[in-house]
Amino acid sequence: MKELILGGARSGKSRHAEQRAVLSGLDVVYVATAVAGDAEMAARIGGHRARRPESWLTVEEPLALAARLEDNAGPGRFVLVDCLTLWLGNLLAEGEDVFRRERQALLQVLPGLAGPVCLVSNEVGHGIVPANPLARRFVDEAGWLHQELAALCDRVVWMAAGLPLLLKGAS
Amino acid sequence: MKELILGGARSGKSRHAEQRAVLSGLDVVYVATAVAGDAEMAARIGGHRARRPESWLTVEEPLALAARLEDNAGPGRFVLVDCLTLWLGNLLAEGEDVFRRERQALLQVLPGLAGPVCLVSNEVGHGIVPANPLARRFVDEAGWLHQELAALCDRVVWMAAGLPLLLKGAS
Amino acid sequence: MKELILGGARSGKSRHAEQRAVLSGLDVVYVATAVAGDAEMAARIGGHRARRPESWLTVEEPLALAARLEDNAGPGRFVLVDCLTLWLGNLLAEGEDVFRRERQALLQVLPGLAGPVCLVSNEVGHGIVPANPLARRFVDEAGWLHQELAALCDRVVWMAAGLPLLLKGAS
Chain A
37 MKELILGGAR SGKSRHAEQR AVLSGLDVVY VATAVAGDAE MAARIGGHRA RRPESWLTVE
97 EPLALAARLE DNAGPGRFVL VDCLTLWLGN LLAEGEDVFR RERQALLQVL PGLAGPVCLV
157 SNEVGHGIVP ANPLARRFVD EAGWLHQELA ALCDRVVWMA AGLPLLLKGA S
Chain B
37 MKELILGGAR SGKSRHAEQR AVLSGLDVVY VATAVAGDAE MAARIGGHRA RRPESWLTVE
97 EPLALAARLE DNAGPGRFVL VDCLTLWLGN LLAEGEDVFR RERQALLQVL PGLAGPVCLV
157 SNEVGHGIVP ANPLARRFVD EAGWLHQELA ALCDRVVWMA AGLPLLLKGA S
Chain C
37 MKELILGGAR SGKSRHAEQR AVLSGLDVVY VATAVAGDAE MAARIGGHRA RRPESWLTVE
97 EPLALAARLE DNAGPGRFVL VDCLTLWLGN LLAEGEDVFR RERQALLQVL PGLAGPVCLV
157 SNEVGHGIVP ANPLARRFVD EAGWLHQELA ALCDRVVWMA AGLPLLLKGA S
């Protein structure tokens, strides 16, 4: 099963994905896309890490997500990716070539992975259109990516106030 | 049937509305409210246009939306308006008198139109309250307009990641 | 019954909460958290007040929400709090100690209140992540507060275009 967990900031996306991982009863591989570039981000990463069971394997991958999924997904393993929005920001910072290559690789690899994969991503497009062209680009790319991934996933959930709302698939 | 398709940026609103138009089996009139004021907007307009069937009649109307609906709606025709948020921005740029007149005209005309009409609009009020008073005004007016239109429509859909979530009416 | 009404700006949250109050058939206590610091806010407050029945008791409380709920909640009374986002902003402006004390007090007091309470709050975390650290903090705290309150409430509704979407509980 491929899952996409969407929601706003602090909507409970990561926690819901972590519960899905625990409920699977499988070995869990946690793919972290965050890069601790400043103290605030380091604190956020630390907070997420403290909540995860020690038995989970953590893989840090800011860019080559498709390759890491191919390495780690398989029967008996639950792969949790948190989160796609940071990954997207990392890709766009690397330039158009890296962005297009890695984005396309994820979309190509995802359907063929043998085991369950759960992707967490931020909904960022429901506020006022940003005045900053880079922010506008980011909002566009996040929205388009979510549409393409949702079409490939079996289950899509939108989180609000820690509560899951099913957009696709069974609860 | 009157429909309102809401959703964030790149949530698949236009595509869903276009699918509704195709599924209707009717002649389609596409009312475009966008004005190509800069290169970015021209590119967005071009992208939308390339996706539409050639058989559709396109009507460009940045302001007098009620009049264009009265001209074009009727049995056997599906009228698709994309999008209300740009129209609202156009109206507010023209000043209070034009804004109030055209907004009121749309609300008065809509219920009496004989054929199906599908209105696409952006959800912009779920981010942080904008510091800019004009942006705040825009968020307020968009929200109030959506409420009044939703009360008049038979079907209201909220889009996320290309997936429709029904807020009112039947799927 | 404890209820949480979430939604974006001008999504119809207050109106929905007011309808719930009227439908309850109980005496209504309206707890207003807004402080009329400028003309725009005074106008917003005036608009809300003009819509409320004269029989409702209005209590203004920018900070000590838990104490006001203890004073006013009880069998035969419907307490409506509008809104938590303004209250949260008021608390953060007072400093960390007041913020932590009052936030914790609300979470402790809410489950034990004898009568129905309806809390209105703004969803602010679905736009682009704000560049301003204070805005980012506000988005984080609003999201975390919503998660904790939603877990304590019997009914959670997300409003869009004046239409309620049930996230938890029965309609």
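Protein chains in written order, with this note's numbering: chain A, 37 to 207; chain B, 37 to 207; chain C, 37 to 207. Beta carbons are placed, not taken as given, at the ideal position from N, Cα and C, and that holds for glycine.
Nearest C-alpha to L122 (chain A) among A:N108, A:V175, A:P152: A:V175. Around C119 (chain B), the same chain offers V156, S157 as residues with beta carbons nearer than 6 Å, after the five sequence neighbours per side are excluded. For P200 (chain C), DSSP records a beta bridge to C:M195. Bounds of the beta strand (DSSP E) holding A68 (chain A) are 63 to 68. If the five residues before and after C154 (chain C) are omitted, its C-beta is found closer than 6 Å to the C-beta atoms of E39, A53, R56, L116, all from its own chain and listed in chain order. Annotated three-state conformation of L149 (chain A) is coil, per DSSP. For W180 (chain A), the chain B residues whose Cβ falls inside 8 Å of its Cβ are R46, in order along the chain.
At a Cβ-Cβ threshold of 7 Å, L42 (chain C) and W194 (chain C) count as neighbours. In chain C, no part has a C-beta under 8 Å from the C-beta of D118 (chain B); the shortest such distance is about 17 Å. Counted as a single uninterrupted DSSP element, the beta strand (DSSP E) harbouring I41 (chain A) occupies residues 38 to 43. If you draw a 10 Å sphere on the C-beta of R173 (chain B), you find fewer than 16 other C-beta atoms in it, and that means exposed.
DSSP places G83 (chain B) within a helical segment (H, G or I) once states are collapsed to three. Using a Cβ-Cβ cut-off of 7 Å, P169 (chain C) does not count as an interface residue toward chain B, since no Cβ of chain B sits closer than that to its own. The same chain holds no residue with a CB closer than 7 Å to that of S91 (chain A) once the five nearest residues on each side in sequence are set aside. Taking the Cα positions, Q183 (chain A) is about 26 Å away from L185 (chain B). In the three-state DSSP reduction, G110 (chain B) falls in the strand class (E or B). With contacts defined as CB atoms closer than 7 Å, G151 (chain A) and P111 (chain A) qualify as a contacting pair. Closest in C-alpha terms to G83 (chain B), from the list B:R51, B:L62, B:N108, comes B:R51. For Q140 (chain C), the nearest beta carbon of chain A is not closer than 7 Å to its own beta carbon. For L42 (chain B), the residues of chain C that pass the 9 Å Cβ criterion are A196, A197, in the order they occur in the chain. In terms of CA proximity to L124 (chain B), B:P98 leads the group B:D107, B:Q144, B:L143, B:P98. The three-state secondary structure of E54 (chain A), taken from DSSP, is helix. The stretch 124 to 133 of chain A makes no contact with the stretch 102 to 111 of chain A: fewer than 3 CB pairs, one atom from each, lie closer than 8 Å. Assignment of S91 (chain A) by DSSP, reduced to helix, strand and coil, places it in the coil class. Nearest neighbour of L188 (chain C) by Cα position, chosen from C:L201, C:G48, C:L149, turns out to be C:L149.
Membership of G125 (chain B) in the alpha helix (DSSP H) is indicated by the continuous run 120 to 130. Taking a Cβ-Cβ cut-off of 7 Å, the neighbours of L201 (chain B) in chain A comprise L203, given in sequence order. Using a Cβ-Cβ cut-off of 8 Å, F174 (chain B) is close to I164 of chain A, given in chain order. A residue is called buried once 16 or more other Cβ atoms fall within 10 Å of its Cβ, and G198 (chain B) is buried on that count. Sequence-distant partners of E106 (chain B) (beyond 5 residues in either direction) whose C-beta falls short of 7 Å from its own C-beta, in its chain, are V145. V192 (chain A) has a beta carbon lying within less than 7 Å of a beta carbon in chain B.
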